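>
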Amino acid sequence: MSEQFGNLVKQYPWHVVCVVSLLFILGQGLLIYFAGKNNWTLRVRPIQIFMFVILFICSLYMIITGHNTM
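This is the structure in C-alpha cells:
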C-alpha cells in the first residue's frame, strides 16, 4: 500500500498538494463557521490559512500549465 501511495505522489505531486491544501482550507472554514454559530472560542491563524491558499493557487497553476517543478 505504501508503495502505491509513493508512486502516486511521484506521479501526481501537484495533485496531492492541491487536494491536501484544499481540504485544509475547507476544514478551517468549517471550523470558523461552527465556532461562530455555536459561540465557541477559536484561535484563527490567518497567516497559516493564507499560506495554504497560496499553496493551493500555485499547485492549481502547476496542474493547469503542466509544469513539474516550481
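To get our numbering, take the position in the sequence shown, counting from 1, and add 10.
Think of the CB as a built atom: it goes at the ideal place given N, C-alpha and C, for glycine as much as any other residue.
Every value quoted in this text rests on a predicted model; they were computed, and no experiment measured them.
#1: Going by C-alpha to C-alpha distance, which of A45, F44, S31 and G76 sits closest to I59?
#2: Please classify F66 as buried or exposed, where buried requires at least 16 other C-beta atoms within 10 Å of its C-beta.
#3: Use the C-beta contact count for W50: other C-beta atoms within 10 angstroms, 16 or more gives buried, fewer gives exposed.
#4: Could you check the C-alpha separation between H25 and R55 for me, to the nearest Å?
#5: Compare the beta carbon distance of I35 and V63 with 8 Å and say whether it is the shorter of the two.
Put simply:
#1: Taking the sequence shown and counting its residues from 1, the one referred to as residue 59 is at position 49. Between I59 and the set A45, F44, S31 and G76, the nearest pair of CA atoms involves S31.
#2: Against the sequence shown, residue 66 aligns to sequence position 56. Flag for F66 reads buried.
#3: Start at 1 with the first residue of the sequence shown, and residue 50 comes out as number 40. With a threshold of 16 other beta carbon atoms within 10 Å, W50 falls short and is exposed.
#4: Here residue 25 is taken as the residue at index 15 of the sequence shown, counted from 1. Here residue 55 is taken as the residue at index 45 of the sequence shown, counted from 1. It is roughly 25 Å from the alpha-carbon of H25 to the alpha-carbon of R55.
#5: By 1-based counting over the sequence shown, the position of residue 35 is 25. By 1-based counting over the sequence shown, the position of residue 63 is 53. In terms of Cβ geometry, I35 and V63 form a close pair [threshold 8 Å].
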